[in-house]
Amino acid sequence: MGSIYFVEMGRREEVLRAVEELISRLELTESQPFRIKAYERLWEVLASLPMEKWLSFRSIEESLSDIPGIGEGLRRTARELYERGTTPLLEKLRAEVPDSVLELRRLPGLGPQRIRKLWQEMGIVSIDSLAQAIERGKLQNSEGWTPALIQRLAEGLAIYRQQRHLLLYWEASQIWQQAISPLQGRGLLVMPVGEFRRALPLITQVEGLLSTEGIALAEALGWKREASGNLLHPTLPVRLHLADTRAWGRALLAHTGPEFFWREMEKRLPPTAEAASEEALFETVGLPYILPAWRDWEDVFDLAQRRQLPMPLDESHIKGSLHIHTTYSDGADSLEVMVERARQYGWKWIGIADHSQRAAYAKGLPPQKLFQQGEEIDLLNRRYQGSFFILKGVEADILPDGSVDYEEKVWKRLDFIIASIHEKLQMRKEEAMQRLERALSNPYVRVLGHWTGRLLRTRPGYPIDEERILAICAERGIAIEFNANPYRMEIDWRWVRRAAEYGVSIILTTDAHSVSELEYWKAGLSTLQKGLLPPNLLLNNSEYPPFAPTTER
29 MGSIYFVEMG RREEVLRAVE ELISRLELTE SQPFRIKAYE RLWEVLASLP
79 MEKWLSFRSI EESLSDIPGI GEGLRRTARE LYERGTTPLL EKLRAEVPDS
129 VLELRRLPGL GPQRIRKLWQ EMGIVSIDSL AQAIERGKLQ NSEGWTPALI
179 QRLAEGLAIY RQQRHLLLYW EASQIWQQAI SPLQGRGLLV MPVGEFRRAL
229 PLITQVEGLL STEGIALAEA LGWKREASGN LLHPTLPVRL HLADTRAWGR
279 ALLAHTGPEF FWREMEKRLP PTAEAASEEA LFETVGLPYI LPAWRDWEDV
329 FDLAQRRQLP MPLDESHIKG SLHIHTTYSD GADSLEVMVE RARQYGWKWI
379 GIADHSQRAA YAKGLPPQKL FQQGEEIDLL NRRYQGSFFI LKGVEADILP
429 DGSVDYEEKV WKRLDFIIAS IHEKLQMRKE EAMQRLERAL SNPYVRVLGH
479 WTGRLLRTRP GYPIDEERIL AICAERGIAI EFNANPYRME IDWRWVRRAA
529 EYGVSIILTT DAHSVSELEY WKAGLSTLQK GLLPPNLLLN NSEYPPFAPT
579 TER
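Counted from 1, the sequence shown has number 47 at position 19 by our numbering; the numbering is strictly sequential.
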């Protein structure tokens with residue numbers, strides 16, 4: 029059953045990516061919002077289907093037929109994508125919209141309308157041609173392009189050009205599963221190695237290790253032998269190294285890296301030491317097992333020798349999460365749908381945190397709508413009769429002067445507030461710290477969100493005094509979120525360890541805007557593991573909500 033699950037999970041991701049691509053290309057060719065919204069609705073519905081529905085299109089079609097707004101045309105699109113991986117419309121759009129134009133969507137501050145203008149009116153058709161246009165001042169005299177906007181675009185462009193070849197950890201996870209599920213389905217021994225196994229947020233190469241017994245079958249499935257002897261996937265950026273199962277542990281250590289870690293292990297190991305597992309090799313050198321995620325720390329051998337490594341985090345430590353958006357603001361799924369998916373994970377509680385009223389661009393909630401959501405939460409909590417808890421919260425904007433959105437009469441009616449900066453991100457360190465320090469002085473703030481506001485591959489974070497922020501959070505008992513959105517993955521794992529030294533709690537969040545994005549917690553946990561956080565400082569590791577509901581205060 030496991031191999032079938034992975035195959036269908038790969039198909040689900042392929043279909044969802046194809047619908048996303050179709051929407052993105054449509055947005056660049058026309059301004060018919062009703063048509064685009066129809067495909068967005070299709071994506072939302074497909075993403076919400078449980079995995080067992082993906083075993084056949086008949087199951088999917090039965091589910092789609094009961095949903096308002098999903099007509100025959102959308103069902104036909106879903107069938108074509110499931111069976112063929114494409115549709116006539118998608119092929120037409122691929123011919124009309126160059127891939128290089130579509131890539132412009134990855135830059136912060138560039139929406140469909142601006143990209144259409146760049147492409148159709150100014151002849152800018154790629155990342156490189158946009159960079160050249162900025163350098164030559166081509167945008168300065170164009171309507172709607174302010175100096176501040178051009179400056180932000182230039183900064184985001186510079187970062188993207190440096191990192192465009194890198195994969196997000198989540199992307200690498202999807203690619204890996206798609207590439208190796210046919211091998212796993214045939215019982216071959218294959219494991220990830222390299223940066224991917226160490227769960228770095230950005231990855232240069234997805235690599236794995238395959239037992240030599242599987243070479244012939246892998247080649248029969250299309251994997252290509254390189255001059256080095258490694259195997260390369262025919263269409264995906266995945267490379268497999270090869271090892272005999274008798275020396276599997278040593279090969280796994282060597283290829284997982286990083287290099288300094290392997291060199292140190294190599295010094296400690298007898299030259300002829302071979303083992304079928306890494307654990308046996310660590311035992312040989314008298315050390316406890318060092319997780320792959322921990323191996324990027326240069327002092328990890330000292331920590332291991334002094335027996336100061338924490339208990340590893342695992343999925344059993346995730347009993348709930350916060351920072352979940354719904355259709356009350358800019359989420360794709362209803363409150364009840366998000367709750368039910370969390371219950372399917374076996375979680376015991378969640379905290380809803382839609383956008384506050386300041387975030388008008390994200391349908392931020394005015395007080396009355398926030399109270400209305402609270403009433404629905406109360407109804408659901410009564411239904412669950414203590415078997416599951418839903419906390420009433422909000423992701424409140426930290427305003428430019430450092431105040432927190434809403435007033436005290438609103439804050440009092442909430443179980444928790446996540447305070448985050450969403451606007452005016454271009455700040456000097458002094459400005460950022462003034463905003464953050466004032467916000468963190470608010471006694472109703474329980475969690476600091478968006479540590480620096482970075483977006484991997486597109487936007488650097490604003491500068492902060494990390495030590496000062498950690499000291500404030502420790503003093504005031506404020507937790508810091510580890511945001512598992514693939515583009516965020518922060519508080520950065522290197523600062524998680526320092527937070528733990530201060531005794532500051534971390535809460536793993538997904539910032540989910542749909543049921544499919546709730547899945548981010550698994551990849552997020554892998555990267556959070558890197559921070560050497562002990563389970564007692566992970567707020568998710570509690571059978572009961574970490575913040576008392578207002579009804580209990």
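Where a beta carbon is used, it is the ideal one built from N, C-alpha and C, also for glycine.
- As for any beta strand (DSSP E) of minimum length 3 sitting wholly inside the stretch 453 to 517, the runs are 473 to 476, 507 to 511, ordered along the chain.
- In the DSSP assignment, residue 366 falls within the alpha helix (DSSP H) that extends over 363 to 372.
- Between the alpha carbons of residue 305 and residue 352 lies a gap of roughly 39 Å.
- Here residue 151 is not bridged, per DSSP, to any residue.
- When the beta-carbon positions are compared, residue 521 and residue 536 stay at least 8 Å from each other.
- Residue 420 sits buried, since 16 or more C-beta atoms from the chains shown fall within 10 Å of its C-beta.
- Distance from residue 577 to residue 443 at the Cβ level is roughly 5 Å; contact confirmed, criterion being Cβ atoms closer than 8 Å.
- By the criterion of at least three beta-carbon pairs nearer than 8 Å, the stretch 52 to 71 is in contact with the stretch 126 to 140.
- With a 10 Å radius around the Cβ and a threshold of 16 neighbouring Cβ atoms, residue 347 comes out buried.
- With three or more CB-CB distances shorter than 8 Å, the stretch 539 to 546 counts as touching the stretch 364 to 375.
- For residue 68, the enclosing alpha helix (DSSP H) covers residues 61 to 76.
- The beta carbon of residue 250 lies closer than 6 Å to those of 262 in the same chain, with the five residues before and after it left out.
- In the three-state scheme derived from DSSP, where H, G and I count as helix and E and B as strand, residue 424 is classed as strand.
- Membership of residue 402 in the alpha helix (DSSP H) is indicated by the continuous run 395 to 412.
- Spatial neighbours of residue 191 in its own chain (CB-CB distance under 6 Å, excluding positions within 5 residues in sequence) are listed in chain order as 485.
- Taken atom to atom, the span from the alpha-carbon of residue 528 to that of residue 501 is near 11 Å.
- Look at residue 344 here: in three-state DSSP terms it is helix.
- A distance below 8 Å separates the beta carbons of residue 46 and residue 113.
- For the 8 Å CB-CB criterion, residue 559 and residue 538 do not form a contact.
- Judged by DSSP secondary structure, residue 269 falls outside any alpha helix (DSSP H) and instead within the beta strand (DSSP E) spanning 266 to 271.
- Non-local beta-carbon contacts of residue 95 in its own chain, meaning distances under 8 Å to residues more than five positions away in sequence, involve 73 in chain order.
- Pairing residue 398 with residue 432 gives a Cβ-Cβ distance that is not under 8 Å.
- Secondary structure at residue 438: helix, using DSSP grouped into helix, strand and coil.
- In this structure, residue 473 sits away from residue 519, with a CB-CB distance that is not shorter than 8 Å.
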